[in-house]
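Only one structure is covered here, and it is reproduced in the block below.
There are 2 protein chains.
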Amino acid sequence: MTAALPQHPTKTQLLELVAALGTAQWQDFASAAARHGLTAVQAKLLGQLKGPVPMRGLATLLLCDASNVTGIVDRLEARGLVRREPDPADRRVKNVVATDEGREIIQRVRAEMQATHSALDALDEQERATLYALLERLRPGLERRA
Amino acid sequence: MTAALPQHPTKTQLLELVAALGTAQWQDFASAAARHGLTAVQAKLLGQLKGPVPMRGLATLLLCDASNVTGIVDRLEARGLVRREPDPADRRVKNVVATDEGREIIQRVRAEMQATHSALDALDEQERATLYALLERLRPGLERRA
DNA sequence: GTTGATGCTTGAGACCGTCAAGCAACTCGG
DNA sequence: CCGAGTTGCTTGACGGTCTCAAGCATCAAC
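Chains A and B are the protein sequences, given in the same order. Taking this note's numbering, I'd label the letters of the first sequence as residues 113 to 258. Taking this note's numbering, I'd label the letters of the second sequence as residues 113 to 258.
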């Protein structure tokens, strides 16, 4: 008998569980990145580069000041994982592009997130679909800018 | 017609969704904390103090070096939100305790996480129970130390 | 063209995080 | 009891992350 099974968890319990899983996943990500000599923030920025993105766009994506992006890109560029390209339409803009090496590294980091992958393996296809649908419902509330 | 509805989202999609929600919640937490002059890390530490906790225990909880905890507790103590008490059983140990003001502030921060609360309001009791159960299944995989 | 907005960088300052080193106190074998 | 090893905490050095204010170049609009 599992008398402690919460049939109706409080919002607080759910909130704490989400927070705990979020930080656990972040740790997993950070340690995978560290194995390749990257910080979590650097890896996250690298992960946003599906195509050329202006510095300003990165600041918006990462919800931080533009001057912060300068430093992060500086360090990535020094390692050859990223390039700054002039924008043909607007000479103020610098577009950031991942190099081949950059793309390869971020792909490896994602693949090496062992804890996250093994956690998701605990669910079958159907359960994952249910979880995805529920989380998708949370998104609009969470991403609204206060 | 919603043809794009993923009946069976890939692990990658699910992973990215979890990551997005995790960082959104963290931002929410950080901005609630900032309204009270606290950083997210300070608020997180404060939230762990249900009773007296030794410095070493905090380092373990926060998955960081003990010397890091020293600085964070220093700043919280300077604001009077936390106290260091000697441990009666072991004179090496210093137990950290939240002051009344500290308890009050962390409670307010939690209550003021508007985005998170409104996100959870999008689900009814039954859905929350389902979500909780699914997330609980993810925990063992995620929290295993690699 | 002048005015104003926008994109990026720089510099100062605070916090977060690690590591190495150090001191105090505990523990345990002898 | 006593010395050896361990553990708990702090300090100092150093790098990364973040914000703010200031500055330069460029664009847009009148």
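Glycine residues also receive a C-beta, built at the ideal position from the N, C-alpha and C atoms. Since this is a predicted model, take the numbers as computed values, not measurements.
Neighbourhood of A258 of chain A by C-beta distance below 7 Å, restricted to the same chain and skipping five residues each side: The sequence position of residue 258 of chain A within the first sequence is 146, counting from 1. The pLDDT assigned to A258 of chain A is 48, lower than 50, so where the model puts this residue is not dependable; a value taken from the coordinates is nonetheless given after this. Around A258 of chain A: no qualifying Cβ.
Please list the terminal residues of the continuous alpha helix (DSSP H) segment that includes K206 of chain B. The count along the second sequence starts at 1 and reaches residue 206 of chain B at position 94. Unbroken run through K206 of chain B is the beta strand (DSSP E), 206-210; no alpha helix (DSSP H).
CA-to-CA distance, D202 of chain B to L173 of chain A, given in whole angstroms: As a working mapping, residue 173 of chain A is identified with position 61 in the first sequence. As a working mapping, residue 202 of chain B is identified with position 90 in the second sequence. A direct Cα-to-Cα measurement between L173 of chain A and D202 of chain B gives close to 48 Å.
Residue span of the beta strand (DSSP E) that contains E197 of chain A, given as start and end: In the first sequence, the residue the question calls residue 197 of chain A occupies position 85. Looking at the DSSP string, the run of the beta strand (DSSP E) that includes E197 of chain A is 194-198.
Presumed contact (8 Å Cβ cut-off) between L193 of chain B and L170 of chain B, rounded CB distance: Position 81 of the second sequence, counted from the start, is the residue given in the question as residue 193 of chain B. Position 58 of the second sequence, counted from the start, is the residue given in the question as residue 170 of chain B. That belief does not hold up - the Cβ atoms of L193 of chain B and L170 of chain B are roughly 14 Å apart, past 8 Å.
Cβ of H120 of chain A less than 8 Å from any chain B Cβ? Locating residue 120 of chain A in the first sequence gives position 8, counting from the first residue. Yes, because at least one Cβ of chain B sits closer than 8 Å to the Cβ of H120 of chain A.
Integer Cβ distance of E239 of chain A from L126 of chain B, believed to fall under 8 Å: On the first sequence, position 127 is the one that residue 239 of chain A refers to. On the second sequence, position 14 is the one that residue 126 of chain B refers to. No, E239 of chain A and L126 of chain B are not in contact; Cβ-Cβ is about 10 Å, not under 8 Å.
Let me see if you follow: with CB-CB separation under 8 Å, is L170 of chain B close to chain A or not? The sequence position of residue 170 of chain B within the second sequence is 58, counting from 1. The C-beta of L170 of chain B comes no closer than 8 Å to any C-beta of chain A.
Please tell me whether V221 of chain A and A132 of chain A are closer than 8 Å, where the distance is taken between their beta carbons. Here residue 221 of chain A refers to the residue found at position 109 of the first sequence. Here residue 132 of chain A refers to the residue found at position 20 of the first sequence. Going by C-beta atoms, V221 of chain A is not nearer than 8 Å to A132 of chain A.
Exposed or buried, which one is P166 of chain B when buried takes at least 16 other CB atoms within 10 Å? Counted from its first residue, the second sequence places residue 166 of chain B at position 54. Buried is the call here.
Short CB-CB distance (under 8 Å) between A258 of chain A and chain B: Working through the first sequence from its first residue, we reach residue 258 of chain A at position 146. Note that A258 of chain A has pLDDT 48, beneath the 50 cutoff, so the model's placement of it is unreliable and the number below is only indicative. Chain B contact via Cβ: present.
Any Cβ of chain A within less than 8 Å of the Cβ of Y244 of chain B? Along the second sequence, one-based indexing puts residue 244 of chain B at 132. Yes, because at least one Cβ of chain A sits closer than 8 Å to the Cβ of Y244 of chain B.
Give the secondary structure of P252 of chain B by DSSP, where H, G and I count as helix, E and B as strand, and everything else as coil. On the second sequence, residue 252 of chain B is found 140 positions in, with the first residue counted as 1. It is helical.
Residues that Q137 of chain B contacts on chain A, provided the C-beta gap is smaller than 7 Å: Walking along the second sequence from the start, residue 137 of chain B turns up at place 25. One finds V130, A131, G134, L254 in chain A with Cβ atoms closer than 7 Å to the Cβ of Q137 of chain B, taken in chain order.
Give every residue of the same chain whose Cβ lies closer than 8 Å to the Cβ of T182 of chain A, excluding the five residues on either side of it in the sequence, and list them in chain order. Against the first sequence, residue 182 of chain A aligns to sequence position 70. For T182 of chain A, where only same-chain residues beyond five positions count, the Cβ hits under 8 Å are M167.
Would you say E216 of chain A reaches chain B, if we count a Cβ-Cβ gap shorter than 8 Å as a contact? Position 104 of the first sequence, counted from the start, is the residue given in the question as residue 216 of chain A. No, because no Cβ of chain B sits closer than 8 Å to the Cβ of E216 of chain A.
Beta-carbon spacing of Q137 of chain B, V153 of chain A below 8 Å: Residue mapping note: residue 137 of chain B aligns to position 25 of the second sequence, counting from 1. Residue mapping note: residue 153 of chain A aligns to position 41 of the first sequence, counting from 1. Cβ distance not < 8 Å, so Q137 of chain B and V153 of chain A don't count as in contact.
DSSP state of T122 of chain A, grouped into three classes? Counting from 1 along the first sequence, the entry for residue 122 of chain A is found at position 10. In the structure shown, T122 of chain A sits in coil (DSSP, three-state: anything other than H, G, I, E or B).
For V153 of chain B, which residues does DSSP report across the bridge? The sequence position of residue 153 of chain B within the second sequence is 41, counting from 1. According to DSSP, V153 of chain B bridges with nothing at all.
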